[in-house]
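Residue numbers (UniProt numbering), protein chains in the order written: chain E, 1 to 223; chain H, 1 to 242.
In this text, a Cβ means the ideal position worked out from N, Cα and C, and glycines have one as well.
In this text the structure is predicted, and so the values were computed from the model without any measurement.
See below for the structure under consideration.
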Ligand SMILES: Nc1ncnc2c1ncn2[C@@H]1O[C@H](COP(=O)(O)OP(=O)(O)O)[C@@H](O)[C@H]1O
Ligand SMILES: [Mg+2]
């Protein structure tokens, strides 16, 4: 009796399920934590991009343009291989978390900026007319609406982020991809395990992206 | 209470306001009218510093609005403002709309703010809708909530910018009734509106603006009896005969 189905050796998967599940957990945790930090930093950057102060605007614009113009792999290498030279010994886990958070912030920033711009100017006026400061108006009135309207796009970006986290494999981290690589090379089962990895990413991302499409429609209706 | 003295404002090259001067005394109701684009909204937004102006002075109870040292949020918290498009916060429930600034600006605790908010909501006849969201209310109801939200701050004066012009005709009166009530209770009010019935009933003075200038600033009876300027006459005959 063969344990093969869909080109995957399920017996091999079952034998290594702890390693593989651990990898999946690593990928999900890295995605969630970089998303949380990336969105907070993205909000700050978006507010800077919309500030009256030209210096703030330029700093934020340069940040966004820089990170959108260099490949993610390079940023991962920078933080992992080069920071130790400057005396920062972070270890692989912290260094990839920081990498993804600050890299993704550039993308979240642009989504949040569009979200803020989609809120009518009258809302800021009404908030300020009640005596709220600019910061309070943003915090309690504008950002909650902007984030709600942009939620599907922010989550879609997060799905991309989830797939991108597989890049940490190249510095030897055992994320979902990395644990598959380990099992594949230890057992000479490249074809089987890489197919399994593809199935794994697909099974997480496809249903979520379908759900996001529905959410997007619902939010459009609420507005 | 509100003193506007030779205020001018430019958007780049374009002059929106030219030497506007007027005043609103405590307890007075002043109606501002004039053709669209004449600068009415701009003028009224200068009063609470939502729009900056380049020359002249405005003071509210002795506080200079244009002075860079003035704490504008603090000043605005004391002057209520109601907008054409209501501008309720759509992500917050009606009670949250009523409580937000009371708590964050005046530092009232939640129970206090709720009590005040519900009292005012009752006053504008909407107590039953406390738990709803703005999107579930009609335009007239939203505007009444917006008035209650402004009143919850215990303002010393109220500014209205065409509060009924975005409403379906059958909802205009429910909002005007609240405003008339407010005027009768002695609230100091500056209202941009074309509701001349409202002006006749409660206004003390009527200001007519055209192309950024105050063309006419007269007692109500004088204004409706025989406006001095031709432009005001033409405007009046246009809005009264249709
Ligand atoms: N942000 C702006 N930039 C440039 N022009 C403006 C701006 N806001 C208003 N204006 C112009 O200023 C004039 C007065 O506008 P407004 O005060 O809204 O008039 P009203 O309320 O009497 O209809 C209009 O001609 C309008 O086009
Ligand atoms: Mg206007």
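Selected residue, minimal CA-CA separation from residue i, among the options
| i | options | result |
| --- | --- | --- |
| residue 7/E | 214/E, 194/E, 210/E | 194/E |
| residue 83/H | 72/H, 23/H, 147/H | 147/H |
| residue 6/H | 130/H, 17/H, 12/H | 17/H |
| residue 126/E | 37/E, 211/E, 140/E, 65/E | 140/E |
| residue 178/H | 192/H, 69/H, 168/H, 163/H | 163/H |
| residue 201/H | 93/H, 180/H, 115/H | 180/H |
| residue 63/H | 234/H, 2/H, 22/H, 94/H | 2/H |
| residue 30/H | 22/H, 166/H, 36/H | 22/H |
| residue 233/H | 219/H, 208/H, 159/H | 208/H |
| residue 113/E | 205/E, 13/E, 144/E, 200/E | 144/E |
| residue 93/H | 154/H, 85/H, 132/H, 218/H | 132/H |
| residue 12/H | 173/H, 26/H, 54/H, 27/H | 54/H |
| residue 226/H | 206/H, 70/H, 9/H | 206/H |
| residue 142/H | 45/H, 190/H, 51/H, 85/H | 85/H |
| residue 110/E | 68/E, 3/E, 98/E | 68/E |
| residue 41/H | 101/H, 211/H, 96/H, 169/H | 211/H |
| residue 33/E | 190/E, 103/E, 123/E | 103/E |
| residue 46/H | 172/H, 136/H, 65/H, 73/H | 65/H |
| residue 20/E | 76/E, 201/E, 57/E, 77/E | 201/E |
| residue 100/E | 72/E, 13/E, 136/E, 90/E | 72/E |
| residue 75/H | 97/H, 49/H, 100/H, 99/H | 49/H |
| residue 156/E | 213/E, 147/E, 190/E | 213/E |
Residue i at chain H interface by Cβ criterion, 8 Å
| i | result |
| --- | --- |
| residue 144/E | yes |
| residue 117/E | no |
| residue 218/E | no |
| residue 129/E | yes |
| residue 56/E | no |
| residue 133/E | yes |
| residue 11/E | no |
| residue 122/E | yes |
| residue 126/E | yes |
| residue 113/E | no |
Cutoff 8 Å: residue i Cβ touching any chain E Cβ
| i | result |
| --- | --- |
| residue 163/H | no |
| residue 119/H | no |
| residue 187/H | no |
| residue 134/H | no |
| residue 101/H | yes |
| residue 50/H | yes |
Endpoints, the alpha helix (DSSP H) within which residue i is located
| i | result |
| --- | --- |
| residue 130/E | From DSSP, residue 130/E is part of no alpha helix (DSSP H); its letter is neither H nor E. |
| residue 250/H | This structure cannot settle anything about residue 250/H, because the visible part of chain H is limited to 1 through 242. |
| residue 103/H | 94-104 |
| residue 153/H | Taken as a continuous stretch (DSSP letters only), residue 153/H belongs to no alpha helix (DSSP H), as it is neither H nor E. |
| residue 177/H | 169-184 |
| residue 207/H | Unbroken run through residue 207/H is the beta strand (DSSP E), 205-210; no alpha helix (DSSP H). |
| residue 177/E | 176-187 |
| residue 17/H | Residue 17/H -> not in any alpha helix (DSSP H); beta strand (DSSP E) instead, spanning 14-24. |
| residue 99/E | 91-117 |
| residue 168/E | Run containing residue 168/E: none; DSSP gives neither H nor E here. |
| residue 193/H | Run containing residue 193/H: none; DSSP gives neither H nor E here. |
| residue 230/H | 230-240 |
| residue 14/E | 10-15 |
| residue 42/H | 40-47 |
Residue i: first and last residue of the uninterrupted beta strand (DSSP E) it sits in
| i | result |
| --- | --- |
| residue 50/E | Neither: residue 50/E is in no beta strand (DSSP E) and is coded neither H nor E. |
| residue 3/H | 2-11 |
| residue 222/H | That residue, residue 222/H, is in no beta strand (DSSP E); its alpha helix (DSSP H) goes 220-225. |
| residue 57/H | 55-60 |
| residue 30/H | 29-33 |
Classification of residue i by the beta-carbon crowding that lies within 10 angstroms, buried from 16 upward
| i | result |
| --- | --- |
| residue 240/H | exposed |
| residue 160/E | exposed |
| residue 108/H | buried |
| residue 91/H | buried |
| residue 222/H | exposed |
| residue 152/E | buried |
| residue 9/E | buried |
| residue 237/H | exposed |
| residue 122/H | exposed |
| residue 138/E | buried |
| residue 129/H | buried |
| residue 81/E | exposed |
| residue 194/H | buried |
| residue 33/H | buried |
| residue 228/H | exposed |
| residue 166/E | buried |
| residue 186/E | exposed |
Residue i: CB within 7 Å of a non-hydrogen atom of ligand 3
| i | result |
| --- | --- |
| residue 134/E | In terms of ligand content, the structure shown lacks ligand 3 and carries ligand 1 and ligand 2 instead. |
Give, in chain order, every unbroken run of the beta strand (DSSP E) that is at least 3 residues long and sits entirely within the stretch 135-163 of chain E. Complete beta strand (DSSP E) runs here, min 3: none at all.
Starting from the N-terminal side, write out each stretch of the beta strand (DSSP E) that is 3 residues or longer and does not extend beyond the stretch 63-151 of chain H. Fully enclosed beta strand (DSSP E) runs of 3 or longer: 79-82.
What alpha helix (DSSP H) runs, 4 residues minimum, are completely inside the stretch 56-80 of chain E? Within the stretch 56-80 of chain E, the complete alpha helix (DSSP H) runs of at least 4 residues fall at 72-77.
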